[in-house]
Every structure is written in C-alpha cells, then in structure tokens.
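Residue numbers (our numbering), protein chains in the order written: chain A, 1 to 460; chain B, 1 to 1050. Think of the CB as a built atom: it goes at the ideal place given N, C-alpha and C, for glycine as much as any other residue. Note that the coordinates shown come from a computational prediction; the quantities given were computed from them, not determined experimentally. Have a look at the structure below before the remarks.
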Amino acid sequence: MSEGPVNSPEIPRLPRVLEPGYNYASVTDKIASIVLTRPVSMGWLAGFSIAFVIMMVLLGSIAWLFIKGVGIWGINIPIGWGFAIVNFVWWIGIGHAGTLISAILFLLNQQWRTSINRFAEAMTLFAVACAAIFPGIHVGRPWMAFYMFPYPSTMGIWPQFRSPLIWDVFAVSTYGTVSALFWFVGLIPDLATLRDRATNKAAQIIYGMLAMGWRGSARHWHRYQSAYLLLAGLATPLVLSVHTVVSFDFAVGIVPGWHTTIFPPYFVAGAIYSGFAMVLTIAIPLRKAYGLEDFITMRHLENMAKVMLATGLIVAYGYFMEFFLALYSGNKFDLFLVEQRLHGPYSHYYFALILCNILTPQLLWIRKVRTNVAALFIMSLVINTGMWLERFVIVVISLTRDFNPGAWGRYQATFWDYSTFIGTLGLFVGLLFLFVRGLPAISIAEMRELVAHKSHEGHE
Amino acid sequence: MDGMSDHEHKHDQDNHPPTAEEREVRGYPLDLAAANAKAASGAGKQYWRSIEELAGDPHFEDLLHREFPRAASEWDESVDRRDFLKLMGASMALAGMAGCGRTPEQTIVPYVKAPDGLILGKPQQYATVMPFGADAVGILVESHEGRPTKIEGNPDHPSSLGATDAITQAAILNLYDPDRAKTPTFVGDIRTWAMFQSAAADLATSQKAVNGAGLRILTGTIASHTFAAQIDYLLKLFPQAKWHQWEPAVSDGAREGAKLAFGRYVNTVCRVEKANVILSLDSDLLGSGPGHIRYAKEFSRRRTLNGPADEMNRIYVVEPTPSVTGSAADHRLPLRASEIELFARAIAAKLGLGGSVELSSKDAEKFAEAVAKDLEKNKGASLVVAGEQQSAEVHALAHAMNAALGNAGATVYYTDPVEANPVNHAESLRELAADIHKGKVDLLLILGGNPVYDAPRDWAFSEFEQKLKKVHTVVHLSSHYNETSEFSHWHIPETHFLETWSDARAYDGTASVIQPLIAPLYQAHSAFEVLAAFTDKPGVTAYDAVREHLKTVLGDGDNERKWRKTLNDGVIAGTALAPLAVSAKFSPASLPPAKTTAKDDLEFIFRPDPTIYDGRFANNGWLQELAKPVTKTTWDNAALVSPATALRLGIGRNIASRGGEHGQVLTSVVNIELSNGKVTAAAWVVPGQADNVVVLPLGYGRKRAGETGTNKGFNAYSVRASTALWTATGGKLSVTSDEYPIACTQYHHNVEGRKIVSSASLEEYKKNPNFAHEKDETPPVGLTLYQNFEELGYYKHYKWAMAIDLTKCNGCSACVVACQSENNIAVVGKDQVMRGREMHWIRIDRYFETGPTQKDEDSEVPALANPPAYFQPVPCQQCENAPCEQVCPVGATVHSAEGLNDMVYNRCIGTRYCSNNCPYKVRRFNFLRFQDWETPSLKLIRNPEVTIRSRGVMEKCTYCVQRINNVRIESEKDNGGIGREIRDGEIVTACEQACPSEAIVFGNANDPNSRVSKLRAQQRNYNMLGELNARPRTTYLGAVRNLNPDLEKA
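The structure is reproduced here in structure tokens:
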C-alpha cells in the first residue's frame, strides 16, 4: 500500500468526491484541526457575534409575545395562521435534506454523500429545532401547549386524535429524536478521534464522555455499522412521513388551496428541494472558509444541484396540478382560487414564487451553471426564498379569501413577525457556528473509509 | 423612630386596648383654649387645615412632617419638584385627618330578609322604559342581585312589543361608563350636593327679585310629563323665565309640517301593519325615529311568508342616502334631498292634489308613476311617510296625500304631541342665543344636552362657548363632563335612566314610569332634583315628583295598587293618546315653487349617525364598534358620497393590506368648506347613494366625550348652519392627497355567485317556491367521512336550531349589541378592528346584488348606482358535520348531544385551526387580552352566567347556551319534579329577543310543531354554502321582495 497520492481511475467526466493526495492521517488532520488546533478566527467571532445578537432578537420577540399574546403578530380573522406556521413548515422542510442525505443516500450506497452528511444532519437538527419553536409559541396560551401531548391527565382527557396537529406533534418529535440519534451515533468514532487528539484536559473529558468509550476495535466497528444501518433504515421512512404529516395540516382542512390530495408528495418534494438548497447555502461558504474544497468537491455540488432540479420539477408539477385539477373538476372555489392566484391582491407573491421555484432552477439543466459555485450559491438562496414564499402562498393567501366573501380579509406581517423569523435564522446560523468549532463538520471516519476505498481501487 | 411610633411602641408594651383614660394621655390633648386664643389674635386672613394646626400642636407639626409620607424628608433626589409638591400636598391633606381614623364602611351580610321574589343567583327582571326624544322604549332589565346587566324589550309596551334597537341594547353600558362625571363641580373643583343646593337657593333668591328675568332653561325634547310639570311650576315661580329646547338630531320639519297641514302641532302615529303599500319620502321608518321598533315589527309581520300563497306588503323608498329602511325596500330610488320635495309634489299631483311637476330624470318619472298607481290602488291601505330630516313642506305633502288616499284614520292617525311643550327648536335656540348676546341671561340651566358641541355654528350661535361666558352662572347637568361642562360654572352629574325615577311617554302617548334598578353609582342627580333646588321645595326627590304627578294620570281609587301594577307592567294601560279629528287643509298648489339645486352642485346633508346618534353615545364602546348597518364602518364617521360622485371628484380608496376587506380601508381625505365653516373628513363611497350628495353624519369629532369617544371621526356640527340644518348647498369639497384609515368590517359586497344569499321577487317565488334551492349542491345525508352523531345517539331529545328569515332582516344590528351585552363580548377598539379582530359573535353581512366582480372602477359605477342590498346575520352555524370540531388538537370544541358546537374555554389553547377551517368564519379569537379586568364599574355589567374569556382563547356563538340551560333546569323541576318538555318559545336567544323584525327564530327542530321546524320545513329554507356538507343548524330563508311589475327592469 503506497503512502503517496493515489490516482484512482475515475469514471470519465465525473468529478471526484475526494481530491487526490490524501491519506488517513492527512484527512484526520485536516478535519480535526478545525476543531482542535486552529485558533478562533476573527471571521468566526464576528459571524457568531452577529448570529448571537439575532438570537437575542428571537428571545426578545418571544418574551414580548408571551407578555402580550399572539396579537402582536399580523394574524387576524380570517387569517388565523401567519408567519409562525409558514416558518414552521419552511424550517421543517429544510430539515429534510440532512436525514435524506445520511439515510437514503447511505442505503443507496451513494459515496458522494460522505463529506456532506455530517453538517447536513447538523443542519437538519438545527432546522428542526427552529421549526419546533413555532408550534409551541404560536398558540394563544403557550403555557397550556402541553395539552397536545397524550399525558395521563387526572381528568382523563386526551388530545383529539383526529386533528392533524396532534399527528404533527408525533411526526415532528419522532423525526427530531431519530435525527438526533442518527447524528450522534455517526459522531461517535469522530468524537473518539477528537478525544485522542485533544491536548486540552477539558476537551479530552468532554469528548471522552461523548465518545462513550469508543476504542475502535473491530467489534466496535461491527456493531457501529449495524446500528448505523438500522438507524438509516429507521430514518428513511421518517423523511417521507414528517412532511407528509405536516401537509395534512392543510390537506385535511377544507380551505380552498389547502384541501388537496397531492399535498403529501408535493410537500415532501418541496422539502427536499429546500433542504438541498439550504445544504448548498451552507456548504459553499463552509468549504471556502475552511479550505475544504478537496472534501466537498464540485461533484458534490453538482449532485446536489441535480437533486434540486429533480425535486424542483416535482414541485412544478404540483403547481401545475393545482391549476389542472381546478379546471378539470370545475369546483367553483378551486377555480376562484386559481383566479386569485393569478389576479388576486397577492398575485405578485405567486409570480415571485413561480420565478424562484420553477423558472430559475431550469438553469440547472446547463452544466456550466451546475458547476459554477457562485451561481449555485445564488440559486440556493433564490430557492430558499421561493420555498418560503410557497408556504406563505399556501398558508396565508389561501386563508384570505375562502368561502364566505363577507369575511374576506388580508394579512400583513408586523415587526414581531419579522423579528421572530429573522431571530430563528440567527439561532440556526449561531448553532451552525458552534457546531463547526465544536465538532468535526465532516465525518472523519467516513472520509478515512473513502481513502481506503480509493487505495483499494488503486491496487486492483 | 418617628413621632407616631413613639405611641405605637407603648401599645406594643401594654398589649391591650387602651382605656379611655390612656387615650387621653397618649392622644393629643387638644388645647382648645390655645386654639381660640390663637385664632382671635391672628391678624388678617389665616388658613388652617385643622384645629390641631391652629393650636400650634407640636404633634401636628410632627405629623405633618412625618405621618403619611414617611419618606418625605428622606426622599431621593431624583424626584422632581412637582412630584414632591404633590406628595407634600397629600401629606398635609391627610395630616389634617390624623385624628379621624375612619375606615370606609363595608358591610358584608347575607340577606336576612330577602327582597320579594329574590332567589340568590337568579336574575330578576324589572320593567321600565328608556326615554329617547319624543319616544320611550319599553324595556325589561335583567338584574343580578341588584346589578342591572341586560336590557330587553318589554312585550307589553307599545313602542317595543318585546324588541329593542341597538341603541337601547347599548344604553346599559352608559350606566357603567367609567368616564361618567362622578361628583358635582364648580369651575372644575369638587363640591358637595349640599353646596350646590345652597348656591342654587342663593341664585334663585336673586332671580326671584327680578321675577326670573335672567333665568333660562335649556333642555332637549321632553317626553316626561312630570318633568314638564316641574318646569311649569318653576316658570310660575319665575314668571319671566323662559324654557328653551334644542335637540340637534331631530328636525323641526315634522312639527312645522303638521302646522302647515293642520294648523297645529300634532303627533303622527302610523299603523304600519294595516298598510299594503308604503311610500317613504326619505323616512327611516324602520330604523330610527319615534316608534321605529314597533313599526319594524309591524312591517315585518306583513312580510311573513308561510308559503307561496301568502301576500306581502310593499315599500317604496325615495331617499338620498341608503338607510336601513331603504336597504330593506322593495323599490328604492336615490334622489337628492332637495329633490324629495319635487318628487312628493309629483306624486301629489298624480294623486290629483293639484300642481304639476316635471321630474328631471326619466327613472324618477317612471318610479313616481308606478308609486302613484300603486297608492291609488290601495286607498285606505297605503301609507306615505315623510322623513325626520325632511322639510315642513314634504311633511305637509305627506299628510295631504294620506288624507287624499283615505289613509288618515286607517293606516295613520294623529294625536296631541307626545313631547311636552312642542316648539320649533331652531327658533328656540336662536332666541336663547340672542338673549344671551343681549346680556339678558344671568342664570342658565342646561339640563342634559351638549350645546357647545352640537349647536349650529353660524351667526348667533357661532362659538356658543363664547356666549356662555356672558352668562353669570351656567348650571349644566349631564352624565359626562363634556364640551359644554367646560364652559359651565356648575356641573352636576346626571343620573342614568336606570338610576332614577321618572316617567316618559311613548310614540303613541302611552305613559310609563321609569323605575331605577340601582342607586346612583356616583354623586349623580336627576333633572328633577336640580330643578327642585331652584324652587321653594328644594328637597323634592324624583320619586316624590313622579308619584305626585302620576296621581293625576292614575286617577282615584287604590292608588298604591295601581302604582304597583304600573311598575310591574312597565306601562300604564289606556294612556295612549286619543286620535284627533284633524284633517289636512292643505293644497300643494299653494306651496311656493320648490327650491332646487343645480344638477352639478354638491348637496351636503346632515344625518344622525346610525349608531352613536347625535353624539350622546360617542363614549359607548359597543355602539362605536358596531358596524354601521349600510356602510359597515366603525369608530368613525365619514363624508359619504356615491360611486359616480367619488369618481368625478377623484375620491379614491385602497384596501389596506393590514386587515384588508375585513378591517381596514384607506380612503381619501377631503376638505369641506360649508356655511363659513371648515372641516376635514374622510370620504366614504356608498353604493346606492344619490349622486352629488355628500352626507355628513353627526355625532363624531367630540373633544370631550371620554376615553372611548374623544377625537373619533370629524365634527359635522362645525359646518352646520342654523339656516341649513339638514340640507346645505354652496359648499366646497376638495380632495386632498392624504389617506385616512377607516375600520370597516366588511368591504367586499359581492357574493361571487356562491350559495350565500338566496333571493327572489314575490312573483318568482310564487312561480318557483323552491328558488332557494336552485343550483343547490348539498350532498345527500351520510355522504361524509365525519362521525354520524345521530347514529351515536345524539339529538334524541332536543335538537336546537335557528332559522333566520332574510325577507325580514333589515340589518338594524340590534342583535349584534344584544349578543355583546348577553355574552360579555369585549370591545377591542379601532386599531384592532382595523386588524380584523373584532369579537362580535353575530355579525351582519351586507351584500349588494350586482354582477360578477367588476375589475374596472368605471364599469363598477353603474352597477353600484342603486343596487338592491341584502342583510345576512351570521351567528355560529352550529354545523352537524362541523369542520371546526375535526381539527381541534385538544378537543376544546366538541359536539353536544343537542347538536351545539360547544366551546370549552379552559381546554382551548388557541391554535386557531378551528377558525381557519370554519367556512363561515364565525369564530372569534382573543388575540390579546381584550377584556377589561381592571375597571371596577365594568365588572358590574358582566353577565355572571357567561365566562369572561381571557387572551389566547377562541370563542363564538353558543346559541346562548346559558339561556337554554336556565330553561332546562326550570322545565326539569316542573310538574312537581317530574319535569316536562321545554316548550317552544320558552328559550329565547339574545339576538332573537332583540330583533325588531322577528327575523330570528330559535327552537327545537325535533318538535315538528315548533316555529323553527315550520320554518325549516319551508321551501325557502336553505343552508349557507350547502355544498360543503357542513349541515348547519342555522338555516336561512330566502329573501323575497315584493317587486312592482311596472318597475321591474327588463
């Protein structure tokens, strides 16, 4: 086995998932150094400080919300759900990519997932954390929100299990738990690496405890791999179920624009779409800042762009079916909805949504765009915006004009709506900053495996 | 250790109550001799706060320094001088009371001897009347342990027949208004009633010397004959004194018209139920004015349709701006106020009363032709009514037409005036102003009213407040310290009508006693007492006065028994005024040519506001938040213009994104210059208004109304001249580029072709009795995934249902306020209404019959020139397949065995999912803490049987479940405990109770003989949005209009 760079025979024209020239040690060095040896950079400090301030905005907004009530937001009758639910669905959607990459791509044996799965999973967790804030705080009496849990009440009262909101509680909490578990199990070998390499006593203790006694024996590896595979199998259906259940919040309702059977697949596709967009949004600056271009290669970016293109087309199909079914069924409320989408007071949102989610991603058919980092970054932002708009159009705009024209209304977000939303962005980014400094952003163990694969390939 | 605790310390040691002796030692032995000596020796004026101070008591000095603000001398530096002075002032004031030690008296004892018929926890009802101008509405007031909480109509009273209007419903809030004046004041300083009485005695003495030459009394319209008798008595004592009257929102037209027609003042009483055809000349017969509640009731009874064979009455309304009556009319013609007289003359000419008139427009001509023909056809069974704001000529013409048609004595009769001492109010006030101007007035008693705010602005009345300064003493009696009080010397808080004895006559003269339900909450006094203070019997109470006066009415015999019966019934039977044998001696030909306005000139007309009236209810949150029936705006008035005029003048409006159609509309601000006054107002476009007419609703722009009513809207009185009290021309209106947000609860007026309102003409109904089910897509029962409650054994016993007859509803909104009062519904304020968060459990949607939504404003104009309007009260529909129940995650809205969608407030966590899923959007959410939990007086108004909802909880109509359960309990106790079925009509919901049109019927749908079952069995009965298969228990009966075939458009 040669120690030098390995030139594996690549499939022609397909960029590599790991740039050549790495061995076990250099991979480990490179990734672990970000956590262990690199000094805190000014950039990290500045970025984290800004994110922290925005996190405090979230805290302040929620405090004010608890003092005054949900009336500080723009919701009203008929629009009972506003930014809170839009944000909830958006964040949950973003939280799809991580588990999808880790679990489904793992099961499908897609090697290219290796370098991005760790932070994608972390992103998933943080996105789910951001999402989980909203159902709790958006209710009128958040101190009573525990009524939604099936706890053994002395009054013998249970939640109303026919309500999709209860299904949501289970779907999201299960998804959050399994994602966290999956992420943590994947981290164990790396935590052990960090423990072994840490020079600082405190770090040794903390990483040591988290590593749960990992010694890297063959038996450990054997059990680890079984556990990881099982968890991947467990997480896979959850990726599909969580947004399906979230879509039931709307599909089960009778509001025109909500009451559609296409919602489950369409929501899942949309979630993956936005999730991959968010992975790109994070990966591109990350690889730049920490010089990880060799690990997160063009191949990764391009593959993610392809996934976005595919899911984007499914989403476009969903939009198309909404129109088609209205015309085909002749249901007057659905027809009116289509008319409102195109000509109503909120039509500009709809057109912006079409532009962001359908038209812009078509550029991804072009290879040059797929391999242009800057273009991908911008596109990922556009798609994230578009997916937020999509939820806004579905949740809010459908409610503005439903069945009874005498009760039609409009919605305008208030300062507190925006501050809460932006605050969760701060929370998300702040957690990512902590993650990058505290844990290996790329799986060291898996990268080493990749090196091993490559060297084997080289000798065959 | 300070001076006080020295003594306290000793107490601690002794640890037993001090004996008298000890008190003597430990207290401050007052050196009265020293005090007297000091007082005697003092040179010049001395002010002392207490005898202790006068005596130079060192304890007092010490107390002054120490007692109350223990920290006064060691107060931290940050306190500013003003606060310090305040504190020291309080300290001194309290130091003076050091020896007093009186704690407020509070006695909490159970009823040892309960009042008659009182069962604790059970409300009682007392009959009384609410005086209102030349009318009195008979009411029953619900009282919970001495606390009046709800007003309902008195079925035995002729002007109510059991119903009320919105204002009557809301009047109870005035009683508990926290902004009411609380004590008598003299130039703003607090005085006692005794001080006022002695001041009044002095003033009376000085007036006595000049026979009352400097005494003037100003009142509104007085329908209390006791009070009138008292004024007469005062005028006898002071022969040269004068009584003036000013009622800003009632025109002199009716009085002067009667004079023109009959040569004397008469009161006109209609018998609407006898009329087959009614022509309203700008009269809001069903919505305002004396007797309107009864008229609405009689009117709607003639529109009862049990089947296609039934007949209806027909009403034509000619008016400049849509009123409740106009909106409910079969045929409506928008005409400018000045053209109403021409129109009346045209009809009169066609009825053969002489004169000949050419109407300017073809439409009007055609309309007049058809109306005249219809009136002719129904001689003796038709009715012509002139509007309150119309001129004497129009009233006289109406009298003449009724005489010519043989209606006088049949559908209308005349009596002596109901009001005491009818006068021309404009003249009366002008005379008063002239006298003040000449310096003739020394003492002015303003008993009720607010002339500084509502007197006309021109000539003698300009700056009425300046005039008041010329009067030596102005005594003002009013419930609030208002604009006029500021310019008065004495202000006496006026009692609410639920706090005092009085009497009043109804629209037909029926007398009633006003009995108090509660002692005055504050140091308030009635007009009787104020007036009595100036007579030789200053101690006379209102009770004495009323009983004394009633002796003449009740006659001899067992007076006490009659008195008790009067109080019980709320009406003195047989006191209605007898019809007068007068006949209209009036020929339209004798009239001078009518004044007309050039076609393109703007005409400005004044109207009392539909909710806050002339401004007296400006501080009533219920009325402020009540959407005005036609415009659906709240909390503001606006200069109303027609769509075409708005287009011509460039008055724009934008639906604001906050709140939108259900909340906020930004509308152009206009400057109006009129009658030498100027006002800046928001403009509002009203479909169906006559072109080139600007309506200026009165009652807003109050400067001192209280927290609720101050600085809302614009003050139309500021451009109102005494020469043009109702219709003014020659004004200028300029549109500015500013926008003003109006809180409008329903801006979308088109049903968009949905199954919301079903309507037909009577002819169509006869041809197709099933019109309400045209295009009905209601799926068959059972075609649903929802639980079938019937199979689960629900609805076995009672099955509550409500039917609302859209033929009868005229949008008056009494039900909305009744519901608010019954169910403790919060007022949220303009800002929240603009965000679409008003809390009314029942709302009245108003739709116009136009084509599909017009995108282009230009093409919208003809469609909205005179569209038929429909009103639809929307309470909770209590669906059997309720979409709300399905989605609540915590089971806070659940189905009851009787089919109600119950709200469990303490289970609700406020996800608002139920509201999103409600196709009727009847659910209301406490987005913030809307209920007032602090204001003590508002705690008293609450119905103890209904939970007060706090923030974060969803609420909605419950079909007044508390009333259902009250009746259920009674029915189950009945038959010696065996119980019985609840009878039909036994449960009356608050909305049903208030409805003057009897449009709302509630009952048990399982009982085939109940009224509601019969209505539900009618073919006209339909479900709103039936295709959704929600199976609402609230159903509607299609609106039928009795159209004249001659007028039906091709």
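Counting only runs of 3 or more residues that sit fully inside the stretch 453-535 of chain B, the beta strand (DSSP E) segments are 473-478, 490-493, 502-505 and 511-514, in chain order. Distance from the CA atom of B/G731 to the CA atom of B/T645, rounded to whole angstroms, is 15 angstroms. Under the three-state reduction of DSSP, B/W243 is assigned to strand. In this structure, DSSP gives B/V540 a state outside helix and strand, which the three-state scheme calls coil. When the beta-carbon positions are compared, A/G409 and A/I79 come within less than 9 angstroms of each other.
A/F320 and A/A326 have their C-alpha atoms roughly 10 angstroms apart. Within its own chain, the residues whose Cβ lies closer than 6 angstroms to the Cβ of A/F276, once the five positions on either side in sequence are excluded, are A97, M304, V307 and M308, listed in chain order.
For B/Q245, no chain A residue has a Cβ inside 9 angstroms of its Cβ, as the nearest lies near 43 angstroms away. Sequence-distant Cβ neighbours of B/E319 in its own chain, meaning closer than 6 angstroms and more than five residues away, are D282 and G326. Only residues of its own chain outside the window of five on either side were considered, and among them G98, I101, S102, L105, F106, G186, S443 and E446 have a CB closer than 8 angstroms to the CB of A/N117, listed in chain order. Fewer than three beta-carbon pairs drawn from the stretch 502-514 of chain B and the stretch 480-490 of chain B are found closer than 8 angstroms, and the two stretches are therefore not classed as touching. Neighbours of B/S915 across chain A, judged by C-beta separation under 7 angstroms: I77 and G80. Of A/A413, A/W214 and A/W388, the smallest CA-CA separation from A/L425 is found for A/W388.
When C-alpha distances from A/A316 are compared across A/T281, A/E302, A/H348 and A/C356, the shortest belongs to A/C356. Going by beta carbons, A/S61 and A/S419 fall inside the 9 angstroms limit. Pairing B/F606 with B/G615, the inter-Cα distance amounts to about 13 angstroms.
One finds nothing in chain B with a Cβ atom closer than 7 angstroms to the Cβ of A/M55; even the nearest lies about 25 angstroms away.
DSSP places A/H222 inside the alpha helix (DSSP H), whose first and last residues are A218 to A251. Taking B/E358 as reference, the option from B/G352, B/K373 and B/L342 with the minimal CA-CA separation is B/L342. For the C-beta of A/M144, the chain B residues within less than 7 angstroms are, from N- to C-terminus, I909. Taking 9 angstroms as the threshold, the shortest C-beta distance from B/H662 to chain A falls below it.
No Cβ-Cβ contact shorter than 9 angstroms links B/L785 with B/P883.
The distance from the Cβ of B/Y1022 to that of B/H773 is about 6 angstroms, consistent with a contact at the 8 angstroms cut-off. Straight through space, the alpha carbons of B/L640 and B/V686 are spaced by roughly 6 angstroms. In the DSSP assignment, B/N810 falls outside any alpha helix (DSSP H) and carries neither an H nor an E. Rounded to the nearest angstrom, the gap between the Cα atoms of A/L181 and B/L940 is 58 angstroms. Relative to B/V922, the option among B/K562, B/E427, B/I293 and B/H662 whose CA is nearest is B/H662. According to DSSP, residue pairing for A/F184 in a beta bridge does not occur. The stretch 988-996 of chain B makes contact with the stretch 151-168 of chain B, as at least three CB pairs between them are under 8 angstroms.
In the same chain as B/T893, and ignoring 5 residues on each side of it, the C-beta atoms closer than 8 angstroms to its own belong to A882, C884, E885, N901, D902, M903, V904, C908, C914 and M954, in chain order.
Here B/M130 is bridged, per DSSP, to B/V137. Excluding five sequence positions before and after B/V546, the CB atoms of its chain that fall closer than 7 angstroms to its own CB belong to T226, W501, S502, D503 and V513, given in chain order. Short of 7 angstroms from the beta carbon of B/L397, and not among the five residues preceding or following it, lie these beta carbons of its own chain, in chain order: A344, R345, A348 and P588.
According to the DSSP assignment, B/S327 belongs to the alpha helix (DSSP H) that extends over V324 to S327. Out of B/V816, B/N866 and B/Q1018, the CA that lies nearest to the CA of B/R843 is found in B/V816. Rounded to whole angstroms, the separation of the alpha carbons of B/A241 and B/G406 is 44 angstroms.
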